[in-house]
Amino acid sequence: MATPTEKELLQTTRQVVLGLLVVLCIALFVLWRIDNPRVEQLRMALADRFLPAFDWTSRPAATATRIAQDFESYIRVYEENEELRRELQEMRGWREAALQLEQRNARLRALNNVRVSDRLTFVTGEVLTDTGGPFSQSGLINIGAENGVQDGAAAMDGLGLIGRVSGVGQRTARIIYLTDINSRVPVVVLPSGLRGIVSGDNSPNPTLDFIEAPERLQPGDRVMTSGDGAVLPPDLLVGAVVRDAEGRLRLRLAADYERLEFVRVLDFEAPETVEDVGSLVLPEPPALPPERLPEGN
Amino acid sequence: MEELTFKPLLRSVLMILIALTGLFLMISPVRPGVIGGVAPDLLACVVFFWVLRRPSHVNIGIIFGLGLTADLLLGRPTGLGALALLLMSEFLRGQSATLRDLHFVFEWVVVIALLLAATVAQHLVLWLTFAPTPGLVEQLAVTLTTALAYPVVAVFGRYALGLRYSKRRFMASPHDEDLG
Numbered sequence: 000m001a002t003p004t005e006k007e008l009l010q011t012t013r014q015v016v017l018g019l020l021v022v023l024c025i026a027l028f029v030l031w032r033i034d035n036p037r038v039e040q041l042r043m044a045l046a047d048r049f050l051p052a053f054d055w056t057s058r059p060a061a062t063a064t065r066i067a068q069d070f071e072s073y074i075r076v077y078e079e080n081e082e083l084r085r086e087l088q089e090m091r092g093w094r095e096a097a098l099q100l101e102q103r104n105a106r107l108r109a110l111n112n113v114r115v116s117d118r119l120t121f122v123t124g125e126v127l128t129d130t131g132g133p134f135s136q137s138g139l140i141n142i143g144a145e146n147g148v149q150d151g152a153a154a155m156d157g158l159g160l161i162g163r164v165s166g167v168g169q170r171t172a173r174i175i176y177l178t179d180i181n182s183r184v185p186v187v188v189l190p191s192g193l194r195g196i197v198s199g200d201n202s203p204n205p206t207l208d209f210i211e212a213p214e215r216l217q218p219g220d221r222v223m224t225s226g227d228g229a230v231l232p233p234d235l236l237v238g239a240v241v242r243d244a245e246g247r248l249r250l251r252l253a254a255d256y257e258r259l260e261f262v263r264v265l266d267f268e269a270p271e272t273v274e275d276v277g278s279l280v281l282p283e284p285p286a287l288p289p290e291r292l293p294e295g296n
Numbered sequence: 000m001e002e003l004t005f006k007p008l009l010r011s012v013l014m015i016l017i018a019l020t021g022l023f024l025m026i027s028p029v030r031p032g033v034i035g036g037v038a039p040d041l042l043a044c045v046v047f048f049w050v051l052r053r054p055s056h057v058n059i060g061i062i063f064g065l066g067l068t069a070d071l072l073l074g075r076p077t078g079l080g081a082l083a084l085l086l087m088s089e090f091l092r093g094q095s096a097t098l099r100d101l102h103f104v105f106e107w108v109v110v111i112a113l114l115l116a117a118t119v120a121q122h123l124v125l126w127l128t129f130a131p132t133p134g135l136v137e138q139l140a141v142t143l144t145t146a147l148a149y150p151v152v153a154v155f156g157r158y159a160l161g162l163r164y165s166k167r168r169f170m171a172s173p174h175d176e177d178l179g
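If you read the sequences in order, they're chains A and V. Position one of the first sequence corresponds to residue 0 (numbering that gives the first Met the number 0), numbered consecutively onward. Position one of the second sequence corresponds to residue 0 (numbering that gives the first Met the number 0), numbered consecutively onward.
This is the structure in structure tokens:
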């Protein structure tokens, strides 16, 4: 066995290694604070390497959840039937209204000769993992740069926005949900046209901030992305305004996070912006000093 | 002789596999997108349990690697979680000889106290460095679920893996040939 001096040597080595690792941890933390994007790249590289191998775990887990949910719904099948009937009746009314609106819309468009923006294309992926825990509300999906996913792209379930892509690997991508504490999305509230920011706070209902005239909002108003900042496309459904017990404006999200399984990632290119003056109207702006502009025109 | 050097390595590999399984249980989408759900830090439970029973199988390099992987995969502040895990398990390694003779409840209390201290310390560091941080309450909720999960992990380790404190003195000594 080890002699006492060898033991001491081992003890010292252990302490030195521990000290080095502690310093390394602190250095990594400082790096994370200073140069976050690089650490995010490292994160995605790791996820890209590791997680596709666990594709097979996500499916049984999702299936088990679905079975449990189905079982729950069996128990209250009668109530649910009643509820569905009532909802169906309501929906018929809405369908009628929607049809009429669509026709009117078409007529107005024809009158105005509006150019509708190109249809958005999308790629659909499956949720591999979600990061439980308060630091990050995000999910990993099984499509990445190979499938044309771009950093910053919007992610939706069938109905509403769930978040945006933050970090793309070759075969995986991370989606940061609207409920994440780092999530900020510019939105417009529809009937009033007021603009604001939806910021996540780890609760199921993110807050609606920076509204110019909050008193003009009604609970139930529809909230869509505004497209400000040219990261997310405009006019994606986000949710509806609600007011919480403390009177703060929050959002009931349209996307169903509880049953999140497939995710659409939209392919969106920001529209071109007009920045320079037109050359037809003013041929060479610098060549004409302001005092010598022809006045007769 | 060769068998003697090979076996600890194999046991370390087993420990790493179980710790990684805990990690993947944490991120597997059992209920994807459920907001406000808190998952216990199973990785910490496994590491604590193992480092108390078999200190020589879990060297600090392994703990650091696991902590960093968890930081990266869970989206926690990189380096901070690894540091906390490293310091907590090194503290426990020192207490292994003491806790061996006491009831499990004492071990549990020590683990809970460590987790609480680490949570508060991490929150403080994040607050001091102006990093985006979830509320202390939510972090404490995770700590609580981790504390509740620890006996479960302990029962699993005791009866499924047959890990218990070794009676012999030298097994509990932290010095071994496979040093970090």
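Beta carbons: idealized from backbone N, C-alpha and C, even for Gly.
Of the residues the options, the one placed nearest residue i, counting alpha carbons only
i, options, result
"E137(V)", "L115(V), R157(V) and L101(V)", "L115(V)"
"P38(V)", "A153(V), Y158(V), F155(V) and T144(V)", "Before going further, note that residue 38(V) is Ala rather than Pro in the sequence given. Minimum Cα distance to A38(V) is reached at T144(V)."
"G74(V)", "A105(A), E101(A) and S135(A)", "S135(A)"
"G226(A)", "L41(A), V186(A), G195(A) and S137(A)", "V186(A)"
"Q68(A)", "E274(A), E268(A), E257(A) and V264(A)", "E257(A)"
"V129(V)", "L82(V), P76(V), L91(V) and E89(V)", "In the sequence on display, residue 129(V) carries Phe and not Val. Of the listed residues, the one whose Cα sits closest to F129(V) is P76(V)."
"E125(A)", "R215(A), E89(A), L265(A) and E260(A)", "E260(A)"
"F209(A)", "L193(A), T178(A), Q217(A) and A96(A)", "L193(A)"
"N35(A)", "L71(V), L8(V), F23(V) and S55(V)", "L71(V)"
"D266(A)", "N181(A), K6(A), A154(A) and F70(A)", "A154(A)"
"S42(V)", "R53(V), V154(V) and G21(V)", "Sequence check: residue 42(V) is Leu here, not Ser. Out of R53(V), V154(V) and G21(V), G21(V) has the C-alpha closest to the C-alpha of L42(V)."
"E89(V)", "A153(V), M25(V) and P54(V)", "P54(V)"
"N141(A)", "A105(A), M43(A), K6(A) and V29(A)", "M43(A)"
"L127(A)", "P59(A), G162(A) and L207(A)", "P59(A)"
"P213(A)", "R247(A), Q149(A), V164(A) and A239(A)", "R247(A)"
"V16(A)", "N58(V), A148(V), I26(V) and R163(V)", "N58(V)"
"F48(V)", "Q121(V), L91(V) and L19(V)", "L91(V)"
"T132(V)", "I180(A), S72(A), E86(A) and R13(A)", "I180(A)"
"G199(A)", "T178(A), P218(A) and G219(A)", "T178(A)"
"L318(A)", "T224(A), E274(A), A229(A) and E268(A)", "The question about residue 318(A) has no answer here: the residues shown for chain A are numbered 0 through 296."
"V188(A)", "A96(A), G219(A) and L45(A)", "G219(A)"
Within-8 Å CB hit, residue i to chain V
i, result
"T128(A)", "yes"
"P36(A)", "no"
"A229(A)", "no"
"V184(A)", "no"
"I66(A)", "no"
"A297(A)", "This structure leaves residue 297(A) out entirely; chain A is present only between 0 and 296."
"R42(A)", "yes"
"I25(A)", "yes"
"F134(A)", "yes"
"I140(A)", "no"
"L17(A)", "yes"
"S72(A)", "no"
"R32(A)", "yes"
Within 8 Å, strictly: CB atoms of residue i and residue j
i, j, result
"L250(A)", "N201(A)", "no"
"V21(A)", "L113(V)", "no"
"L123(V)", "L51(V)", "no"
"T123(A)", "D47(A)", "no"
"I196(A)", "V184(A)", "yes"
"V237(A)", "L160(A)", "yes"
"P133(A)", "V141(V)", "yes"
"G162(A)", "S182(A)", "yes"
"S204(V)", "I61(V)", "Past the edges of chain V, shown from 0 to 179, lies residue 204(V), and the structure says nothing about it."
"G138(A)", "Y176(A)", "yes"
"W31(A)", "G78(V)", "yes"
"S191(A)", "R221(A)", "no"
Below-8 Å beta-carbon distance, residue i vs any chain A residue
i, result
"A120(V)", "no"
"A43(V)", "no"
"L147(V)", "no"
"Q138(V)", "yes"
"T77(V)", "yes"
"F63(V)", "yes"
"G32(V)", "Annotation note: pLDDT 48 at G32(V) (below 50); position unreliable, no value reported."
"G21(V)", "no"
"L73(V)", "yes"
"E106(V)", "no"
Stretch pair the region 14-22 of chain V + the region 56-71 of chain V: three plus CB contacts closer than 8 Å: yes
Residue ranges of each beta strand (DSSP E) within the region 182-210 of chain A, 3 or longer: 183-188, 193-198 and 206-208
Contained alpha helix (DSSP H) runs [length at least 4] in the region 8-87 of chain V, N- to C-terminal order: 41-52 and 59-73
Meets three-Cβ-pair contact criterion under 8 Å: the region 95-109 of chain V and the region 117-126 of chain V: no
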